[in-house]
Each structure stands twice: as structure tokens, then as C-alpha cells.
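J.:
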Amino acid sequence: MTEAPHLLVSEDNGILIATLNRPEKLNALGSQLMKGLGEAVEIFRDTPDLKVMLIRATGRYFSAGADLKEGGEGSAMPTTGSGIREMHRRLPNRMRQIWDEIEHIEKPFVVAHQGMCVGGSLELSLSCDFRLAATSAGYAFPEAKFGLLPATNGVSRLTRLVGPHWARLLIMANLPATAAEAYNMGLVHKVFADETFERDVMDFCHHLARQNGEMMGAAKIAIELAADLGAEQAAAVERMANSSLMLMPSYQEGMRRHLATIGSKKD
């Protein structure tokens, strides 16, 4: 009997949908799944007609994180500190490189959690632009159970996103968060009812796909820079981005339509 693909990829009106499909293994991030995800990210990056990438999952878990039984691509555990640091930089399964690529591509990535999002899959989610949760979703970093920290930028991205206050709860205290708690701490953007979750997620993605692509790319860069720069430098980034956007035909045509709409309302 042929095993089902670990990642299902489809398209829907400019949206590339990548679905984690190992429900019997709680969608653990093994080599086959990660290879497929990396390829899907590259297709999304290189295809102009694709406007949004959605990452979702089947089953009761979004993902239990890295597939620990797979053995990290067969590599032996390094015996030095520098070796372990290099292992975290490159392995397992190119996780760090794929997360970084998701963060840097100038198009929006949406991740939709229908169930528990744990460990490496939470690190994947932190690299995405938008995180959507079903009411029954939950979040955890289990690495503290083994006396470790999240290894593929989980500490840095989580702290940058929700601040040290909440990062301590998830990492140091090793406590899970419900979808409602994740929303309160700023970890997820929206929480939808389980019954309407799939439809609500697709509505959100279609809304994103209708936005101006050049604006989206410029905004993704400007927002990241604004988080690190002082107020004056961040304002300069805004002006720099708009100096290009306002010269584009799409902006000029959009303004004409907007002004015409305002004029018709006055009449």
C-alpha cells in the first residue's frame, strides 16, 4: 500500500496551499515533509501569479514538531559545543533555512492552526506573517522537558513577537497556551470558531490576495525595519518605500478610482 504524501500542495485563485498530511504521526516534521515544504516555498517565491501561501494541516494536531524518531538526517550527535551550534544552524532538515526564507520572501505567509502547534512547528509559525487559530488550537515549546531551548530561532522570534514577559511563560515555565491566551499575548492575529475555521481562513487569504503585491512586499520590509530602528530612521524607511510606490501606475489608477468614488458619493 502506497503511503500518502506527507505534504499536499494545491492552488486556489492565487493562493498556494501547503497541507501537512501525517495525521497518524501528529504531522511530525520529518525529512519528506520538510523537503516538500521547502520546494513549495520556492515555487511560491518564484511564481508571480501566486500572491499568498497558506500552511495548514490535517488531523487533531497542527504538528507535534520535529520528528525525533527520524534521527536528524542520520547525523551523529556532535561532541563539542561548536559542533552542536553548527548542527543547530544547519539541521535538522534545513528548518532554519526554510524559516528564514519564509520570513524574507516579500509575499505574505499565513499559517492556520486547527489543533496543537508544538516545538518546531511553532518555530515555523513564528516565521510566518499571519497566524490564525481555531478555538481548539494550542501552543507549547516542550524542549524544556529535555533541558533545552527551542533550537531554530524559537527564542528570538517569540521574544521579538510577544516580548520577554510571555516568552518566559512558554519557554522557562514550559507551560502551554490556549488559543485565547495566545491571542491575548499577541502570538496569533485572529481566533475563529472550529465550525467555520476553514472558511474563515480562506476568506482571510483571499482578502490578502486582493491587496497590491508591491505594497505588501514593501510593507513586509518596512515593518521589520521599524521594529529595530529609531523613530526617525523608521519614518525615513516609510518615505523611501512610498517614493517608489507612488510612482507606480497601480497607485495612480487606484487614487483615480478612489477620488471618483468620493465624488459620486457627494453627488
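The working numbering numbers the first residue of the sequence shown as 43 and each following residue consecutively. We put the beta carbon where it would ideally sit given N, CA and C, even for glycine.
Going by DSSP, what residue range makes up the alpha helix (DSSP H) through Gly125?
T.: 123-132
J.: Would you mind giving the Cβ-Cβ distance between Leu174 and Ala154, rounded to the nearest angstrom? I have them listed as a contact below 8 Å.
T.: Leu174 to Ala154, Cβ: 5 Å. Contact.
J.: Have a look at Met290, Gln275, Arg241 and flag the residue whose alpha-carbon is nearest the alpha-carbon of Leu257.
T.: Correcting the residue identity first, residue 257 is Met in this sequence and not Leu. Nearest C-alpha to Met257: Met290.
J.: For Leu250, count neighbouring C-beta atoms within 10 Å of its own C-beta (all shown protein chains included) and say buried if the count is 16 or more, exposed if not.
T.: Looking at its Cβ environment, which holds 16 or more other Cβ atoms inside 10 Å, Leu250 is buried.
J.: Report yes or no: do three or more beta-carbon pairs, one from the stretch 85-99 and one from the stretch 134-150, lie closer than 8 Å?
T.: yes
J.: Would you check if the stretch 118-133 and the stretch 222-233 touch, i.e. whether three or more CB-CB distances between them fall below 8 Å?
T.: no
J.: So Leu68 and Ala108 are supposed to be a Cβ contact under 8 Å. How far apart are they, rounded?
T.: Not a contact, Cβ separation roughly 11 Å.
J.: Grab me the residues of Gly157's own chain with a C-beta within less than 8 Å of its C-beta, minus the 5 sequence neighbours each way, in chain order.
T.: Ala99, Gly101, Arg102, Tyr103, Phe104, Ala176, Ser178, Ala179, Gly180
J.: DSSP state of Asp88, grouped into three classes?
T.: helix
J.: What did DSSP end up calling Gly114 once you bin it into helix, strand or coil?
T.: Confidence in Gly114 is poor, its pLDDT being 46 and thus under 50, which makes the residue's placement unreliable; the coordinate value appears in the next sentence. Correct three-state label for Gly114: coil.
J.: To the nearest angstrom, how far is it from the Cα of Ala219 to the Cα of Arg131?
T.: 27 Å
J.: Determine the direct distance from the alpha carbon of Val51 to that of Ala209, and round the result to whole angstroms.
T.: So the alpha carbons of these two residues sit roughly 33 Å apart.
J.: Within the same chain, show all residues whose beta-carbon is closer than 7 Å to that of Val204, passing over the 5 residues directly before and after it, in chain order.
T.: Met227, Gly228, Leu229
J.: Along the alpha helix (DSSP H) that carries Gly189, what are the first and last residues, could you check?
T.: Unbroken run through Gly189: none, as it is neither H nor E.
J.: With respect to the beta strand (DSSP E) encompassing Leu58, which residues constitute its N-terminal and C-terminal limits?
T.: Element bounds for Leu58: 57-62.
J.: Just to confirm my understanding: we take Arg202, look at its own chain, exclude 5 residues before and 5 after, and list those with CB closer than 8 Å. What are they?
T.: Ala269
J.: Measuring CA to CA, which of Ala283, Arg299, Met129 is closest to Leu267?
T.: Ala283
J.: To the nearest angstrom, how far is the alpha carbon of Ala302 from that of Met288?
T.: The alpha-carbon separation between Ala302 and Met288 amounts to approximately 18 Å.
J.: With a 10 Å radius around its C-beta and 16 neighbouring C-beta atoms as the bar for buried, classify Met214 as buried or exposed.
T.: exposed
J.: Just tell me which of Val83, His48, Glu66, Ile85 has its CA closest to the CA of Leu75.
T.: His48
J.: In chain order, what residues of the same chain lie with their CB nearer than 8 Å to the CB of Pro184, ignoring the 5 residues before and after it?
T.: These residues qualify, in order along the chain: Gly107, Val160, Gly161, Asn216.
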